[in-house]
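Visitor:
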């Protein structure tokens, strides 16, 4: 089967263990690429919290996730969180979406799988009348998002530590 | 702060003023390419039920500064449960928005007082990250308080 024919489907509760495991891998790879340490206890705490988060939000509909399978195994995933946002000229509805936890197994990269997932998420937003999608891109992911039309913002942030 | 100024938490009765100030903020920030009045009116209108609902459920917190009994400045925090990450497994993020000071009360630090209050509030609540979208006018204030440019990307559909 060609990679463009690998089936894509919406993730359900049964997929949460894989979504959690892929999120951990994503964070591990990002941290290693930035020369930061990977602390197993931190990763384990994140896995536990994310499993709870995903279960609650898949159930209440504020989270959607998609997976692509090859030979019956999940090889790529991505998720979308719909959250509150101040009413604004782009969208007075008071909500927006965040695309996150985009991950493809290393041996399945460079085949357009993440692009298919991002496009599916964008279609979902359009169908729901959501007018704006945000994300924080890794260096590896940025070219994909640029090519889909994502633009830089004037966002600022303050870390309280 | 001069004695005739009062900083306080906003209440439900202040929602109409927050909505009006929010509209003025957007007008000020978009002078080069103004939005049609109908669009601004729609935002002002949508803001009222949004703010009322979320003041009640605790996800929205706002502060105002009164000068001679009239609201002269305001700012709002939207507090969200957020996607767990390894550093902070049970994470909340606060978005600061709707920062506005009436023109005749500018350059005397009212915006700064409100941001400092919002930061204090987040610290007491264990909220570890505050995000905002800065206008060119607001950027120096946020930079002076330690805010840094983030690399967020956005797609408008």
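Protein chains in written order, with my numbering: chain U, 7 to 167; chain W, 149 to 305. Glycine included, each C-beta is placed from N, C-alpha and C at the ideal position.
#1: Comparing C-alpha positions only, which one of W:187, W:163, W:270, W:186 sits nearest to residue 246 of chain W?
#2: Determine the chain W residues that contact residue 70 of chain U at a beta-carbon separation under 7 Å, and present them in chain order.
#3: Closer than 8 Å between beta carbons: that is the criterion. Which residues of the segment 88–118 of chain U meet it against chain W?
#4: Can you list, in chain order, the residues of its chain with a C-beta nearer than 8 Å to that of residue 290 of chain W? Leave out the 5 residues immediately preceding and following it.
#5: Is residue 32 of chain U close to chain W? Criterion is C-beta to C-beta, closer than 8 Å.
#6: So which of W:301, W:211, W:288 has the shortest CA-CA distance to residue 145 of chain U?
#7: Identify the residues that DSSP records as bridge partners of residue 70 of chain U: which are they?
#8: Relative to chain U, which residues along the segment 254–272 of chain W have a C-beta separation below 8 Å, given in chain order?
#9: Quick one: is residue 304 of chain W buried, meaning 16 or more other Cβ sit within 10 Å of its Cβ, or exposed?
#10: Taking the alpha carbon of residue 64 of chain U as the point to measure from, which residue in U:111, U:8, U:21 has its own alpha carbon closest?
#11: Applying a beta-carbon distance threshold of less than 7 Å, which residues of chain U neighbour residue 212 of chain W?
#12: Give the DSSP-derived three-state secondary structure of residue 134 of chain U in the structure shown.
#13: So is residue 200 of chain W in contact with chain U if we call contact Cβ pairs under 8 Å?
#14: Among the residues of its own chain, which have a CB less than 6 Å from the CB of residue 192 of chain W, if the five just before and after it don't count?
#15: Any idea what DSSP makes of residue 272 of chain W, helix, strand or coil?
#16: 8 Å is my cut-off, CB to CB: does residue 296 of chain W come that close to chain U?
#17: Just the Cα atoms here: how many angstroms apart are residue 276 of chain W and residue 157 of chain W?
#18: Find out if the Cβ-Cβ distance for the pair residue 124 of chain U, residue 83 of chain U is shorter than 8 Å.
#19: First and last residue of the alpha helix (DSSP H) that includes residue 106 of chain U?
#20: Residues of chain U with CB closer than 7 Å to the CB of residue 281 of chain W, please, in chain order.
#21: Give the secondary structure of residue 198 of chain W by DSSP, where H, G and I count as helix, E and B as strand, and everything else as coil.
#22: For residue 194 of chain W, go through chain U and note every residue whose CB falls closer than 8 Å to its CB, in chain order.
#23: Taking DSSP as the reference, what is the three-state secondary structure of residue 159 of chain W?
#24: Taking Cβ positions only, does residue 300 of chain W come closer than 8 Å to chain U?
Guide: In brief:
#1: W:163
#2: In chain order: nothing, as chain W lies at least about 13 Å away.
#3: 89, 90, 91, 92, 93, 94, 95, 96, 98, 99, 100, 104, 106, 107
#4: 263, 280, 282
#5: No - not a single Cβ of chain W is within 8 Å of the one on residue 32 of chain U.
#6: Comparing Cα-Cα distances from residue 145 of chain U to each of W:301, W:211, W:288, the minimum goes to W:301.
#7: U:86
#8: 267, 270, 271
#9: exposed
#10: U:21
#11: Those do not exist, as residue 212 of chain W stays about 16 Å from chain U at its closest Cβ, beyond 7 Å.
#12: helix
#13: no
#14: 167, 171
#15: helix
#16: yes
#17: The alpha-carbon atoms of residue 276 of chain W and residue 157 of chain W are separated by roughly 21 Å.
#18: no
#19: Segment 101–110 is the beta strand (DSSP E) holding residue 106 of chain U; no alpha helix (DSSP H) there.
#20: 159, 160, 161
#21: Shown here, residue 198 of chain W sits in a helix according to DSSP, grouped into three states.
#22: 93, 98, 99, 100
#23: coil
#24: yes
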